[in-house]
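A.B. asks:
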Amino acid sequence: MDKLYGIFLCVVIALGAIFLSNYIIIGSVAIAVILGALIGNTMPLSSKFNSGITFSEKTLLAIAISLLGINLDFNILMQLGFNTIIIIILSLIATIFFGTYIANQRNFDKTFAQILSIGNGVCGSAAIAATKDIVKLDKQKAALAVAIVNLLGTVGLFILPIIGLLLGLNDVDMGILLGNTLQSVGHAIAAGFSVNETVGQSATITKMGRILLLTPIIIWLIFQVSKNSTTQTSLKEKISVPFFIVGFIITSILATSGILPKETIDLISNISELTLIIAMSAIGLKISFNAIKQSGWDAFVLAGYIFKFQIILTILLIAIL
1 MDKLYGIFLC VVIALGAIFL SNYIIIGSVA IAVILGALIG NTMPLSSKFN SGITFSEKTL
61 LAIAISLLGI NLDFNILMQL GFNTIIIIIL SLIATIFFGT YIANQRNFDK TFAQILSIGN
121 GVCGSAAIAA TKDIVKLDKQ KAALAVAIVN LLGTVGLFIL PIIGLLLGLN DVDMGILLGN
181 TLQSVGHAIA AGFSVNETVG QSATITKMGR ILLLTPIIIW LIFQVSKNST TQTSLKEKIS
241 VPFFIVGFII TSILATSGIL PKETIDLISN ISELTLIIAM SAIGLKISFN AIKQSGWDAF
301 VLAGYIFKFQ IILTILLIAI L
C-alpha cells in the first residue's frame, strides 16, 4: 500500500510526458525525466512517496529493460548490406573507445563517458537504461546522460539532413548517415522521412541494425565488469548477471524466432515503453539540480565531442566503403 503513492505519481508524470511528446520534438522518455526533475526540485514531497518512487526506479525499470528485447529482430541483418554492417560496427566500437579516450584526456568520469558513448552509439535512452546498472553508474549521471543524448538527437534531427545535402550524398547514403548517428529511433525516422521516403527507409533499417548491437554490448560490459572485479570478489558475484539482462536476451530471441504473433509483440513493446517512461519519471524525481550543476557542463562538452566524432567517422566510412 505504501508504494501506491509514489507509483501513482510516476504514472501521472509518465502520462503527462506521453501527452506532451505529441506536441514537441523531444521524446517522452526525456520529457518524463525533465518533468520528474522539475517536480522533485520545486515541490517538497512527503516521505510516503519514497517507497513507490524507489520501486518504480528499480523494479519497473528492470521489467522495462527485460521487455525491451522484444523490439530486436535479428532478421533485419538480412536487409542490411555488408558495407552498412561494417559501418555500424566500426562506428560503435570507435565511438566507445573515443569517449573513453576523451574522458582520460579531460579527466572526465570514465564510466559516465562509456555509458554516454553507448547511448550515442546504440539507441539513446534505452541503451543507457539497459547498461547503467551493469557498470553501477550514479543515477544522477544516468539521468543527465538521458537528457543530453535526447537533446543532441533533437539538434541532430535538424542539422544532419542539411549536412547530408551539402555533401551531395545519395538517398541511401543519406539514410545511413542519419540512421548511424541519430540517437533514438524516433530521431532517425523523423529526420529520414523529412527528406524523402527512400532516405527514411534507409535510415530506419540502419538504425535497427545499430539497436541489434545492444545485446553484444551488454554481454561485453558484463565481462568487463567481471574482469575488473577485485580478487576478493567471489566467482559467483563476479559472473552474476542481472535478471533483466537475461530477460532482455530471451525476449530478443523470441522476437527473432517468429514464434510470437505480431499483435503480441506490439503489446509487449507498448508495455515496455510505458514501463520505461514510468521508471524514467522516478529517476527524474530523484535528480538533484545542484548535483547536475557541478558536472553538467563537462558532460555536455564530452557528449559534443562524442557526437561530432560519430558524425565525422560515419561520413568518412560512407566515402571509403
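The sequence shown: position 302 = 302 (full-length UniProt numbering), numbered continuously. From the three backbone atoms N, C-alpha and C, an ideal C-beta is built for every residue, glycine too.
In chain order, what residues of the same chain lie with their CB nearer than 6 Å to the CB of D2, ignoring the 5 residues before and after it?
C.D. replies: Excluding sequence neighbours, D2 sits near S51.
A.B. asks: Note down, in chain order, each residue of its chain lying with its Cβ closer than 6 Å to the Cβ of S234, except the 5 sequence neighbours on either side.
C.D. replies: Annotation note: pLDDT 49 at S234 (below 50); position unreliable, no value reported.
A.B. asks: Taking C-alpha atoms, which residue in G36, F97 and N180 lies nearest to residue 337?
C.D. replies: It is not possible to answer for residue 337, since the shown part of the chain is limited to 1 through 321.
A.B. asks: G99: buried (16+ other C-beta within 10 angstroms of its C-beta) or exposed?
C.D. replies: Under this definition G99 is a buried residue.
A.B. asks: Rounded to the nearest angstrom, what separates A62 and L160 at their Cα positions?
C.D. replies: The alpha-carbon atoms of A62 and L160 are separated by roughly 33 Å.
A.B. asks: Put residue 324 into one of helix, strand or coil per three-state DSSP.
C.D. replies: Nothing can be reported for residue 324: it is not among the residues displayed for the chain, which extend from 1 to 321.
A.B. asks: State buried or exposed for Y305, treating a residue as buried only when at least 16 other CB atoms are found within 10 Å of its CB.
C.D. replies: That one is buried.
A.B. asks: Buried or exposed for A303, going by 16 or more other Cβ atoms inside 10 Å?
C.D. replies: Answer is buried; the Cβ neighbour count reaches 16.
A.B. asks: Identify which residue in A30, D266, L169 and C123 has its Cα closest to the Cα of I18.
C.D. replies: The candidate whose alpha carbon is nearest that of I18 is A30.
A.B. asks: Using the C-alpha atoms, what's the distance from Q201 back to G119?
C.D. replies: If I take the Cα positions, the gap works out to 22 Å.
A.B. asks: Note down the Cα distance separating L116 from F97, rounded to an integer number of angstroms.
C.D. replies: So the alpha carbons of these two residues sit roughly 11 Å apart.
A.B. asks: Decide if L4 is buried, meaning its Cβ has at least 16 other Cβ atoms within 10 Å, or exposed.
C.D. replies: Exposed: under 16 other Cβ atoms inside 10 Å.
A.B. asks: Could you tell me the distance, in whole angstroms, from the CA atom of K262 to the CA atom of V185?
C.D. replies: Rounded to whole angstroms, K262 to V185 spans 19 Å at the Cα level.
A.B. asks: Assess contact between the segment 52-71 and the segment 173-183, defined as three or more Cβ pairs (one per stretch) separated by less than 8 Å. Is contact present?
C.D. replies: The segment 52-71, when compared against the segment 173-183, does not touch it at the 8 Å Cβ threshold.
A.B. asks: Quick one: using the 10 Å Cβ neighbour count with 16 as the cut-off for buried, is I320 buried or exposed?
C.D. replies: With fewer than 16 Cβ atoms within 10 Å of its Cβ, I320 is classed as exposed.
A.B. asks: Let me confirm a value: N71 is counted as buried when at least 16 other C-beta atoms fall within 10 Å, else exposed. Which label applies?
C.D. replies: N71 is buried by the Cβ-count criterion.
A.B. asks: Need the endpoints of the alpha helix (DSSP H) that I122 sits in, please.
C.D. replies: Reading off the sequence, residue 122 comes out as Val, not Ile. Per DSSP, V122 belongs to no alpha helix (DSSP H) and is neither H nor E.
A.B. asks: Nearest-angstrom Cα distance between W220 and T314?
C.D. replies: W220 and T314: Cα-Cα distance of roughly 23 Å.
A.B. asks: DSSP three-state call for F108: helix, strand or coil?
C.D. replies: DSSP places F108 in coil when its eight states are reduced to three.
A.B. asks: Hey, out of A279, S281 and S252, whose CA is closest to I268's CA?
C.D. replies: Here the closest residue by C-alpha is S252.
A.B. asks: Just to check my reading of the structure: K188 and G179 have Cβ atoms closer than 8 Å, yes? What is that Cβ distance to the nearest angstrom?
C.D. replies: In the sequence as presented, Lys is not what sits at residue 188; that position holds Ala. With 8 Å as the limit, A188 and G179 qualify as a contact, their Cβ atoms being about 5 Å apart.
A.B. asks: Could you have a look at D171 and say whether DSSP puts it in helix, strand or coil?
C.D. replies: Of the three classes helix, strand and coil, the one that applies to D171 here is helix, per DSSP.
A.B. asks: Apart from the five residues on each side of it in sequence, which residues of its chain come closer than 7 Å, Cβ to Cβ, to S21?
C.D. replies: Cβ within range, chain order: G27, S28 and I31.
A.B. asks: Give the single residue among L9, A147, F49 and Q105 whose Cα lies nearest to the Cα of V33.
C.D. replies: Nearest option by C-alpha distance: A147.
A.B. asks: Tell me which residue opens and which closes the alpha helix (DSSP H) that D266 is part of.
C.D. replies: Element bounds for D266: K262 to L285.
A.B. asks: Whole angstroms are fine: how far does the CA of E273 sit from the CA of G203?
C.D. replies: The sequence shown places Ala at residue 203, not Gly. Cα to Cα, A203 sits roughly 21 Å from E273.
A.B. asks: List the endpoints of the continuous alpha helix (DSSP H) containing N50.
C.D. replies: Note, N50: alpha helix (DSSP H), N50 to F55.
A.B. asks: Exposed or buried, M208, counting other C-beta atoms within 10 Å across all chains shown (16 or more means buried)?
C.D. replies: So M208 ends up on the buried side.
A.B. asks: Considering Cα atoms alone, identify which of G284, T154 and K141 is closest to T42.
C.D. replies: Among G284, T154 and K141, the Cα nearest to that of T42 belongs to G284.
A.B. asks: Tell me whether the beta-carbon of I87 lies closer than 9 Å to the beta-carbon of I318.
C.D. replies: For I87 and I318, yes; Cβs fall inside 9 Å.
A.B. asks: Check each candidate in F300, R106, K308 and L157 and name the one with the smallest Cα separation from L182.
C.D. replies: The candidate whose alpha carbon is nearest that of L182 is L157.
A.B. asks: Please state if the CB of L260 and the CB of I76 are separated by a distance shorter than 9 Å.
C.D. replies: The answer is no: Cβ separation not under 9 Å.
A.B. asks: Rank L15, C10 and S91 by C-alpha distance to the C-alpha of T206 and give the top, closest one.
C.D. replies: The shortest Cα separation from T206 among L15, C10 and S91 belongs to S91.
A.B. asks: Could you give the DSSP three-state label for L151: helix, strand or coil?
C.D. replies: Helix.
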